[in-house]
Amino acid sequence: MYVIVASYFPRGLHFAVGRTGMVLLGGAMQMATYAMTDLLAHRNAPDSVTPLRERFPARVRELWRNLRDEARFDGDTVSYTARMAVTLLVSTAIYRHFHVRNGYWSPMTALLVLKPQWTATLSWGIARFMGTLAGAGVALVLAHTVSFNTPLVFALVLVCAWGCFALQAVNYAVFSLFTTLYIVFLFHFGGFSQTSAAHIRLFNTALGGAIALVMDGCWKLWPGRHEMTKV
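Taken in order, the sequence shown gives residues 183 to 413; the numbers are from this note's numbering.
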């Protein structure tokens, strides 16, 4: 994700280092916030609750085991990796060739939508588009009916960020709705037109989702894919 977003703003080593620093700072703030809230939540917890200093190494070991167990380069893994690589290349080439504004959203959408199974790609693509369409519609209606000031936009950013976090594993369409609103309000908070942000987000989401579906469909119809994925 970072490479996709950062490559859209190629301004030299100085800016690349700055963007990397902001990403690392944001991750450090997330970890610090979680550690602080966890510490406060378990400060008066019974002795049966394992402290964070013991749970953290256990979680790291569990993550390593999962990564090691999942790193299997069988035929399905090679097939999915090849589709993902080609899809990202095609979507990036298209938005760069046509100079699509904020076009990095297209390969990001393709990356999130494309799944190992065709049915999953189709359902995630539809959910992503419908959620983005609903979010863009809500943002456009609000843009023409509500007078936004800085405190209100800041509050909406927080509400939508919470909605993204709370719904990411509940319903992908609703999660996409809150994600779209979060992006639109965040852009508005930075001085970007809310209407333009909604239109651009919707277009790039539709473009990325369509590319993922087309590439996945073409891959299934390609007769030589089985020979390529033999390992």
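Note that the Cβ used here is the ideal one computed from N, Cα and C, for glycine as well.
Predicted, not measured: the structure shown is a model, and the values here were computed from it.
Span separating the alpha-carbon of residue i from that of residue j
i, j, result
"residue 195", "residue 316", "38 Å"
"residue 191", "residue 224", "43 Å"
"residue 364", "residue 281", "24 Å"
"residue 245", "residue 199", "28 Å"
"residue 240", "residue 247", "11 Å"
"residue 204", "residue 369", "17 Å"
"residue 389", "residue 251", "34 Å"
"residue 271", "residue 213", "33 Å"
"residue 275", "residue 384", "19 Å"
"residue 355", "residue 284", "22 Å"
Selected residue, minimal CA-CA separation from residue i, among the options
i, options, result
"residue 335", "319, 375, 314, 312", "375"
"residue 379", "325, 355, 398, 337", "325"
"residue 183", "286, 333, 309, 400", "286"
"residue 236", "265, 220, 251, 206", "220"
"residue 294", "240, 400, 262, 246", "262"
"residue 350", "319, 310, 389", "310"
"residue 397", "305, 264, 209", "264"
"residue 298", "355, 209, 259", "259"
"residue 344", "331, 362, 328", "362"
"residue 318", "382, 210, 279", "382"
Residue i Cβ short of 8 Å to the ligand GDP heavy atom set
i, result
"residue 363", "Ligands displayed in this structure: none; no statement on the ligand GDP is therefore possible."
Beta carbon of residue i nearer than 9 Å to that of residue j
i, j, result
"residue 371", "residue 339", "yes"
"residue 357", "residue 307", "no"
"residue 386", "residue 291", "yes"
"residue 393", "residue 273", "yes"
"residue 201", "residue 210", "no"
Own chain residues within Cβ distance below 7 Å of residue i, not counting five before or after
i, result
"residue 367", "335, 338, 339, 342"
"residue 322", "377, 380"
Any chain D beta carbon closer than 9 Å to residue i
i, result
"residue 307", "Included in the structure is just one protein chain, with no chain D present."
**Q.** 4-residue-minimum alpha helix (DSSP H) runs that sit fully inside the segment 331–398, ordered along the chain
**A.** 332–349, 354–371
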